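Participant: Here you go, one structure.
2 protein chains.
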Amino acid sequence: MTEPGPDEVMDRLVQVSFTVMALLSRAAAAHDLSLTQLRALAILRDRTPKMAELADYLGLDRSSVTGLIDRAVKRGLVRREASDDDGRAVRVDLTAQAHRLAGELGAEIAELLAPLTRDLTPAERNRLGVLLGRMLP
Amino acid sequence: MTEPGPDEVMDRLVQVSFTVMALLSRAAAAHDLSLTQLRALAILRDRTPKMAELADYLGLDRSSVTGLIDRAVKRGLVRREASDDDGRAVRVDLTAQAHRLAGELGAEIAELLAPLTRDLTPAERNRLGVLLGRMLP
DNA sequence: TATTGTTATACTCTATAACTATA
DNA sequence: TATAGTTATAGAGTATAACAATA
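Protein chains in written order, with the numbering used here: chain A, 1 to 137; chain B, 138 to 274.
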């Protein structure tokens, strides 16, 4: 049978990851969003972080997030709001339109990714989920 | 125990994929390479494709690859060579320096990714590899 | 003084459209 | 005519350095 060595496992993980990213990019592009904007959308679905916190979530410099949010504001996806506790800070909040868009995107992404596990049985899909869960913090 | 539903499995797959991409980006950045340049390097390790073929591998427009290869040439990573069979075509060839770099990067990436499966037993790692293999074409 | 966010600047990545040289 | 590659152009994404406002 297929007996993957340790490096082979990592190779496959990288291959699958690139495939996933390509599919996510395609889903985002269908709504004229970049992968980064898609990530921001996902993060902001259940958070209203300050700019610096959002930068941390995304692993980007604050100055990069300024431009990202500038463009998102221009498209009506987010609002900048003053922070109550800190006069310097700015909170980022998703608009209702963006919440709807995020919902649609979630469904579309689920559909796009589904074929990936097409050849796995439900039990195997389950085992995959468990193993992946053990790889996350 | 952890019984992931179908959407949960996909969520974890996306999470792990983002983690993998972040680690790959970090490995590339340590050598002042972008993720795209890293991909190109990996592809060119065992191929000498024409520009159009490389564009296909990368899923990019030909014009994008022109710039990518321009920058790689400037850094001494690749050479452009005339194609024997087609006077219009250009073959892209990795330099010896780039081959060495690719080797180093491979080892560094293996080290960076290893912690991901730290909590899996060898048998589990194996099963993960098999499942991932079934998700690839 | 330190932190938050922005601006200015520069580079990479990417696509579209127009062009050239060859087929 | 069609294809391979480049150029010109435009916009997104990203980081570094310098800055203003607030803590």
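Ideal placement from N, C-alpha and C gives every residue a C-beta, glycine not left out. The model shown is predicted, which means the values in this text are computed figures rather than measured ones.
Using C-beta distances below 6 Å, list every residue in its chain close to residue 89 (chain A), excluding the 5 sequence neighbours before and after it, in chain order.
Facilitator: Excluding positions up to five away in sequence, the list reads 50 and 83.
Participant: For residue 4 (chain A), count neighbouring C-beta atoms within 10 Å of its own C-beta (all shown protein chains included) and say buried if the count is 16 or more, exposed if not.
Facilitator: Residue 4 (chain A) should be labelled buried.
Participant: List, from N- to C-terminal side, the beta strand (DSSP E) runs of 3 residues or more that fit wholly inside the stretch 68–104 of chain A.
Facilitator: Correct list: 78–82 and 90–94.
Participant: Indicate whether at least one CB of chain B lies closer than 9 Å to the CB of residue 36 (chain A).
Facilitator: No, because no Cβ of chain B sits closer than 9 Å to the Cβ of residue 36 (chain A).
Participant: From residue 40 (chain A) to residue 218 (chain B), what does the alpha carbon distance come to, in whole angstroms?
Facilitator: Between residue 40 (chain A) and residue 218 (chain B), the C-alpha separation is close to 42 Å.
Participant: Quick one, which of A:132, A:123, A:121 and A:118 has its alpha-carbon nearest residue 261 (chain B)'s?
Facilitator: Residue A:132 is the option with its Cα nearest to residue 261 (chain B).
Participant: Less than 9 Å between the beta carbons of residue 253 (chain B) and residue 151 (chain B), yes or no?
Facilitator: For residue 253 (chain B) and residue 151 (chain B), no; Cβs fall outside 9 Å.
Participant: Can you confirm whether residue 55 (chain A), when its beta carbon is compared against all beta carbons of chain B, has any partner nearer than 9 Å?
Facilitator: Output row for residue 55 (chain A): interface = no.
Participant: Please confirm whether residue 43 (chain A) has its beta-carbon closer than 9 Å to some beta-carbon of chain B.
Facilitator: So, not an interface residue.
Participant: Going by Cα to Cα distance, which pick from B:181, B:165, B:168 and B:166 is closest to residue 236 (chain B)?
Facilitator: Checked all of B:181, B:165, B:168 and B:166; the closest Cα to residue 236 (chain B) is B:181.
Participant: Compute the Euclidean distance between the alpha carbons of residue 233 (chain B) and residue 192 (chain B), then round it to the nearest angstrom.
Facilitator: Those two C-alpha atoms are separated by around 22 Å.
Participant: Which value, in whole angstroms, describes the spacing of the CA atoms of residue 47 (chain A) and residue 86 (chain A)?
Facilitator: Each residue's Cα considered, the two are about 18 Å apart.
Participant: To the nearest whole angstrom, what separates the beta carbons of residue 38 (chain A) and residue 24 (chain A), a pair I think is in contact under 8 Å?
Facilitator: At roughly 6 Å, the Cβ-Cβ gap stays under 8 Å, so residue 38 (chain A) and residue 24 (chain A) are in contact.
Participant: Closer than 9 Å by beta-carbon distance: list the chain A residues that pair up with residue 145 (chain B), in chain order.
Facilitator: Here the neighbours are 129 and 133.
Participant: Residue 109 (chain A) CB to nearest chain B CB: under 9 Å?
Facilitator: Yes, contact with chain B.
Participant: Let me confirm a value: residue 136 (chain A) is counted as buried when at least 16 other C-beta atoms fall within 10 Å, else exposed. Which label applies?
Facilitator: Exposed.
Participant: Please list the residues of the stretch 250–266 of chain B that have a C-beta atom closer than 9 Å to any C-beta atom in chain A, keeping them in chain order.
Facilitator: Of all residues in the stretch 250–266 of chain B, 250, 251, 253, 254, 255, 256, 257, 259, 261, 262, 263, 264, 265 and 266 have a Cβ within less than 9 Å of some Cβ in chain A.
Participant: With a 10 Å radius around its C-beta and 16 neighbouring C-beta atoms as the bar for buried, classify residue 129 (chain A) as buried or exposed.
Facilitator: Buried: at least 16 other Cβ atoms inside 10 Å.
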